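First up is the structure itself, then whatever we jot down about it.
Dropping the structure here:
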């Protein structure tokens with residue numbers, strides 16, 4: 451799992467000096483996208499930049515820099531990897547990695563804005579210069595004009611992707627990384643055994659789950675950081691809290707409660723996906739009951755039941771959760787094109 455800056459600071463506190471390795475540029479077919487990152491300490495690794503020989507070399511190089519970083523403030527390095535001819539990886543493209551050393555002094559600076567919800571983490575690819583937390587153009591005083599221009603372009607287009615500014619100027623480039631990455635909003639109704647498997651399967655993925663149930667005792671003691679518990683007497687009331695592009699997944703302990711939640715979602719009409727756990731028989735019964743409640747045929751067609759890729763028929767909680775994850779990720783990929 452890729453670490454956020456907040457998690458990077460915590461990782462440093464547990465492991466000591468670290469090197470953050472980030473994909474800052476790619477050409478052709480590559481195993482990971484721009485912005486993918488891993489964190490390397492003397493003993494541990496978190497995240498991935500693509501695996502295989504590429505990652506093996508990157509980890510070795512990062513560990514060579516761990517000790518050197520203690521002597522140079524904001525020590526950075528970049529390496530370009532032609533994947534096919536040099537490393538024998540099937541992708542055949544080219545990846546450029548940035549290596550950034552973080553000791554106590556660097557962490558002190560980054561921690562001052564690590565938990566910010568807006569702006570970009572902008573820094574040069576060369577050593578010596580501190581990064582900048584960019585929220586507005588005024589924050590870019592003293593940096594190259596091409597960085598300012600790239601920031602203006604990103605904000606004008608509401609672009610939340612990572613960008614390498616001045617890429618042709620290999621020693622003068624800056625890398626801009628959004629502090630808040632887009633996460634799929636998922637409203638999960640039901641903290642039973644299947645709901646727990648759903649949360650487990652999505653752990654580490656770019657999602658934000660609001661986990662809804664009527665009883666706090668139904669939740670496990672610990673949950674992933676991207677999951678928020680919501681204990682509410684009437685779970686259907688939580689529907690109004692969801693963003694318009696939310697994925698609603700209904701698997702409560704009660705068919706009557708499931709019906710109320712589905713009715714609330716369909717009545718609202720603004721949602722990306724509505725999935726209901728159950729069989730084709732359950733779907734038929736729910737369609738009939740929802741129709742009597744005034745839901746139109748067009749809206750009824752938006753109810754997915756059985757849920758999961760291909761309408762998986764397995765009743766194993768883990769299989770249901772994996773199938774659901776595949777379905778949601780496929781839908782999100784289509785909607786982002």
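Residue numbers (my numbering): 451 to 787.
Ideal placement from N, C-alpha and C gives every residue a C-beta, glycine not left out.
All of these numbers come straight from a predicted model, not from anything done at the bench.
query                                                                                                     : result
For residue 653 and residue 740, the rounded distance between their alpha carbons                         : 33 Å
Presumed contact (8 Å Cβ cut-off) between residue 725 and residue 699, rounded CB distance                : 5 Å
Option nearest residue 754 by Cα separation, candidates 778, 744, 743, 663                                : 778
contact_flag[the segment 494-509, the segment 554-571] where n(CB pairs < 8 Å) is 3 or more               : no
Coarse secondary structure for residue 514, derived from DSSP in three states                             : helix
Beta-carbon spacing of residue 728, residue 756 below 9 Å                                                 : yes
Reduced DSSP secondary structure (H/G/I, E/B, other) of residue 498                                       : coil
Within the segment 699-749, ranges of the alpha helix (DSSP H) (whole runs, at least 4 residues)          : 705-718, 730-742
Validate contact between the segment 583-599 and the segment 540-553 using beta carbons, cut 8 Å, 3 pairs : no
Which residues DSSP lists as bridging residue 659, in chain order                                         : 636, 677
Residue 776, DSSP secondary structure in three states                                                     : helix
At least three beta-carbon pairs within less than 8 Å, the segment 461-472 to the segment 483-498         : yes
Nearest residue (CA-CA) to residue 627, options 642, 638, 633, 601                                        : 601
DSSP state of residue 759 mapped onto helix, strand, coil                                                 : helix
Reduced DSSP secondary structure (H/G/I, E/B, other) of residue 786                                       : With a pLDDT of only 45 at residue 786, under the threshold of 50, the placement of this residue in the model should not be trusted; the figure read from the coordinates follows. Residue state, collapsed to three classes: coil.
Three-way DSSP call (helix, strand, coil) for residue 627 in this model                                   : strand
Residue 661 to residue 525 span [Cα, whole Å]                                                             : 42 Å
Option nearest residue 742 by Cα separation, candidates 479, 713, 658                                     : 713
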